[in-house]
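A.B. asks: Numbering (this note's numbering), first residue to last: 149 to 542.
This structure is in structure tokens; I'll ask about it shortly.
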Amino acid sequence: MRTQVAIIGAGPSGLLLGQLLHKAGIDAVILERQTGDYVLSRIRAGILEQVCIDLMDEAGVGQRMHKEGLVHGGIDLLFKGQRHRIDMNQLTGGKNVMVYGQTELTRDLMEARAAAGLSTVYQATNVQVHDFDGKNPRVTYEKNGQTHEIHCDFIAGCDGFHGVCRASAPRSAIREYEKVYPFGWLGLLSDTPPVHDELIYANSPRGFALCSQRSHTRSRYYLQVPLTDKVEDWSDEAFWQELRLRLDPEARAKLVTGPSIEKSIAPLRSFVTEPLRFGRMFLAGDAGHIVPPTGAKGLNLAATDVKYLYNGLVEYYQDKSEAGIDRYSELALKRIWKAERFSWWFTSLMHRFPGEGEIAQKFQEAELDYLIHSEAGARTIAENYVGLPLDFGQ
Ligand code: APR
Ligand code: PHB
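Structure below.
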């Protein structure tokens, strides 16, 4: 079998790239290890930056997102028991974010792909990438006990943090930067109305908490927990009780609790791979980098990697120029490092770090107090949170 671009991974990166390429008349096959239902069952983030919204539109799959997504022009920061709104819309000259679950975005992309009759091989096992250092890369995989081979011009490694593409890059050509944080996030999803109409990021002496949402009737909450905690240790009641203790009195009184639909613990990590190109194989999304979720940047960075890569591939096929694909890694990494920095900084500002003592809390509170009272401070949060422009600093 032959295709122009073999995409490994049918998460948001792979599906979005596939859809954009299809629109541009470039042929792609997607190989995914899991089933489609499994991919949709993973509960992930839910905040889209404008660049991500624009890309969904460009891919022709934005209709439901615009109908059901909730536009937010601000976030609340809670510290010393009080909430303060960062008016992102006003501070950025009219920019917003949108609440729309990654699961929904993935579903829209999957359905569009199926409707267009495009090829996705689910439950493809033992995917291997070959010969990407030359002009004729190949991908092999197994399905139903048979080995298959795909010849292609390019391989797009959209296969997440544990994927095969990054692992197949020559060790001598790759550099990895990593920071692991000494705590995790315990998340709970429930069919209860959100406690507030925008998100609340809480710095409390008991640890960080986040009040997020998926819709007017579905809430997503998170608690900072020690890495040693197991999800089984946390009953729903214990979760709600701890969340209340980390909120301000008004939110505590307003909080509506209910049974969890999903509960899980995720570790926090900053991770970047350099470069993102190895001959004719490219890494995009979680395959190349991970951010701690505090800045809601994971999905948005994946989307902008895909945008840069897509631009490069279109230039290659339509203009016969390699300039775009040659610049992909550098361009994407410039944006990635800025989002990595923001995510690390915001994480450091909002969490309790074991062993750092009360003075760390005092420093954080003083910094937060400065940030909310200085227009420059508030704007620095706002412009990073809504997402830097695609051409920032170029
Ligand atoms: N062969 C085939 N598919 C694979 C392989 C493999 N060896 N390894 C991983 N995959 C698949 C995974 O099953 C998964 O469906 O690749 C997909 C990668 O998807 P994600 O992990 O969701 O990564 P990505 O598409 O880059 O999405 C970016 O945004 O909110 C953030 O971190 C969050 O998932 C998120 C991300
Ligand atoms: C979420 O809704 O899952 C979410 C929102 C904002 C974040 C992280 C996660 O910063």
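Heads up, the beta-carbon is just placed ideally off N, CA and C, and yes, glycines get one too.
#1: If we require 4 or more residues per run, which alpha helix (DSSP H) segments fall completely within the region 376 to 449?
#2: From residue 223 to residue 318, what distance separates their C-alpha atoms?
#3: Have a look at residue 327 and residue 377 and give me their C-alpha separation to the nearest angstrom.
#4: So does residue 269 have its beta carbon nearer than 6 Å to some heavy atom of the ligand APR?
#5: Have a look at residue 161 and residue 473 and give me their C-alpha separation to the nearest angstrom.
#6: Taking residue 407 as the reference, which of 338, 506, 241 has the closest Cα?
#7: I'd like to confirm something about residue 180: is its beta-carbon nearer than 6 Å to some heavy atom of the ligand APR, or not?
#8: Would you check if there are 3 or more beta carbon pairs closer than 8 Å linking the region 172 to 188 to the region 270 to 288?
#9: Using a Cβ-based criterion (distance less than 6 Å to any ligand heavy atom), does residue 195 qualify as near the ligand PHB?
#10: In this structure, how does DSSP classify residue 238 when only helix, strand and coil are distinguished?
#11: Does the separation of the CB atoms of residue 298 and residue 429 fall below 7 Å?
#12: Could you pull out every residue in the same chain whose Cβ sits closer than 8 Å to the Cβ of residue 230, ignoring the five residues on either side in sequence?
#13: Using only alpha-carbon positions, find the residue among 518, 409, 413, 495 that is nearest to residue 440.
#14: The alpha helix (DSSP H) with residue 479 in it runs from where to where?
#15: Reducing DSSP to helix, strand and coil, say where residue 540 ends up.
#16: Is any heavy atom in the ligand APR found nearer than 6 Å to the beta carbon of residue 484?
#17: Let me confirm a value: residue 325 is counted as buried when at least 16 other C-beta atoms fall within 10 Å, else exposed. Which label applies?
#18: Using a Cβ-Cβ cutoff of less than 8 Å, which residues in the same chain neighbour residue 542 once the five nearest sequence positions on both sides are dropped?
#19: Can we say the region 520 to 536 touches the region 231 to 239, given the rule of at least three CB pairs closer than 8 Å?
#20: Cβ of residue 246 within 7 Å of Cβ of residue 191?
#21: Please determine whether the Cβ atom of residue 537 lies at a distance below 6 Å from any heavy atom of the ligand PHB.
#22: Which stretch, first to last residue, makes up the beta strand (DSSP E) that contains residue 511?
#23: Measure the alpha-carbon distance for residue 458 versus residue 220 and round it to whole angstroms.
#24: Candidates 501, 491, 330: which alpha carbon is nearest residue 353's?
#25: When you compare only the Cα positions, how much space is there between residue 423 and residue 538?
#26: If distances are taken between C-alpha atoms only, which option among 365, 357, 372, 362 comes closest to residue 227?
#27: Between the C-alpha atoms of residue 175 and residue 215, what's the straight-line distance to the nearest angstrom?
#28: Indicate whether the contact test is met: 3 or more Cβ pairs, each with one atom in the region 192 to 211 and one in the region 245 to 260, closer than 8 Å.
#29: Residue 240 to residue 217, Cα distance in whole Å?
#30: Let me know the beta strand (DSSP E) ranges lying completely inside the region 184 to 272, each 3 residues or longer, listed in chain order.
#31: Grab me the residues of residue 243's own chain with a C-beta within less than 7 Å of its C-beta, minus the 5 sequence neighbours each way, in chain order.
#32: Which same chain residues end up closer than 7 Å to residue 392 when comparing Cβ atoms and leaving out the 5 residues on each side of it in sequence?
#33: Grab me the residues of residue 311's own chain with a C-beta within less than 7 Å of its C-beta, minus the 5 sequence neighbours each way, in chain order.
#34: Tell me the residue span of the alpha helix (DSSP H) that contains residue 468.
#35: What residue does the alpha helix (DSSP H) around residue 312 start on, and which one ends it?
C.D. replies: Judging by the given coordinates:
#1: 384 to 394, 397 to 402
#2: For this step, residue 223 is matched to residue 75 along the sequence shown. For this step, residue 318 is matched to residue 170 along the sequence shown. Each residue's alpha carbon lies about 43 Å from the other.
#3: The sequence position of residue 327 within the sequence shown is 179, counting from 1. The sequence position of residue 377 within the sequence shown is 229, counting from 1. Distance between the alpha carbons of residue 327 and residue 377 is about 20 Å.
#4: The count along the sequence shown starts at 1 and reaches residue 269 at position 121. No, the beta carbon of residue 269 sits no closer than 6 Å to any heavy atom of the ligand APR.
#5: As a first step, residue 161 is located in the sequence shown; it is residue number 13 there, counting from the start. As a first step, residue 473 is located in the sequence shown; it is residue number 325 there, counting from the start. Between residue 161 and residue 473, the C-alpha separation is close to 17 Å.
#6: The residue labelled residue 407 in the question sits at position 259 within the sequence shown. Comparing Cα positions, the closest option is 338.
#7: Position 32 of the sequence shown, counted from the start, is the residue given in the question as residue 180. Because some heavy atom of the ligand APR lies under 6 Å away, the Cβ of residue 180 counts as near it: yes.
#8: yes
#9: By 1-based counting over the sequence shown, the position of residue 195 is 47. Checking the Cβ of residue 195 against the ligand PHB gives yes.
#10: For the purposes of this step, residue 238 is taken as the residue at position 90 of the sequence shown. It is helical.
#11: Here residue 298 is taken as the residue at index 150 of the sequence shown, counted from 1. Here residue 429 is taken as the residue at index 281 of the sequence shown, counted from 1. For residue 298 and residue 429, no; Cβs fall outside 7 Å.
#12: Locating residue 230 in the sequence shown gives position 82, where the first residue counts as 1. Contacts found: 396.
#13: Taking the first residue of the sequence shown as position 1, residue 440 is located at position 292. Among 518, 409, 413, 495, the Cα nearest to that of residue 440 belongs to 495.
#14: As a working note, residue 479 is residue 331 in the sequence shown. Residues 471 to 498.
#15: Here residue 540 is taken as the residue at index 392 of the sequence shown, counted from 1. Coil at residue 540, not helix or strand.
#16: Position 336 of the sequence shown holds residue 484. Not so, every heavy atom of the ligand APR lies at least 6 Å from the Cβ.
#17: Locating residue 325 in the sequence shown gives position 177, counting from the first residue. Classification for residue 325: exposed.
#18: Locating residue 542 in the sequence shown gives position 394, where the first residue counts as 1. Within the same chain, residue 542 has close Cβ partners 479, 482.
#19: yes
#20: The residue given as residue 246 occupies position 98 in the sequence shown. The residue given as residue 191 occupies position 43 in the sequence shown. Not in contact: residue 246 and residue 191 (Cβ atoms no closer than 7 Å).
#21: One-based indexing of the sequence shown puts residue 537 at position 389. For the ligand PHB, not one heavy atom lies less than 6 Å from the Cβ of residue 537.
#22: In the sequence shown, counting from the first residue as 1, residue 511 sits at position 363. It is not in any beta strand (DSSP E) - residue 511 instead sits in the alpha helix (DSSP H) that spans 505 to 521.
#23: In the sequence shown, the residue the question calls residue 458 occupies position 310. In the sequence shown, the residue the question calls residue 220 occupies position 72. Distance between the alpha carbons of residue 458 and residue 220 is about 28 Å.
#24: Here the question's residue 353 lines up with position 205 in the sequence shown. Answer by Cα proximity: 501.
#25: Position 275 of the sequence shown, counted from the first residue, corresponds to residue 423. Position 390 of the sequence shown, counted from the first residue, corresponds to residue 538. One C-alpha to the other measures close to 19 Å.
#26: In the sequence shown, the residue the question calls residue 227 occupies position 79. Selected option, being the one with the closest Cα: 357.
#27: Within the sequence shown, residue 175 is the residue found at index 27, counting from 1. Within the sequence shown, residue 215 is the residue found at index 67, counting from 1. Going by the C-alpha atoms only, they are around 30 Å apart.
#28: yes
#29: Stepping through the sequence shown from its first residue, residue 240 is reached at position 92. Stepping through the sequence shown from its first residue, residue 217 is reached at position 69. Distance between the alpha carbons of residue 240 and residue 217 is about 20 Å.
#30: 218 to 220, 223 to 227, 230 to 234, 245 to 247
#31: Within the sequence shown, the letter at position 95 stands for residue 243. The residues are 198, 236, 237, 534.
#32: Within the sequence shown, residue 392 is the residue found at index 244, counting from 1. Closer than 7 Å at the Cβ level, and outside the excluded window around residue 392, lie 400, 403.
#33: For this step, residue 311 is matched to residue 163 along the sequence shown. 156, 157, 305, 435.
#34: Position 320 of the sequence shown, counted from the first residue, corresponds to residue 468. Careful: residue 468 lies outside any alpha helix (DSSP H) and carries neither H nor E.
#35: The residue you call residue 312 lines up with position 164 of the sequence shown. Note, residue 312: alpha helix (DSSP H), 312 to 316.
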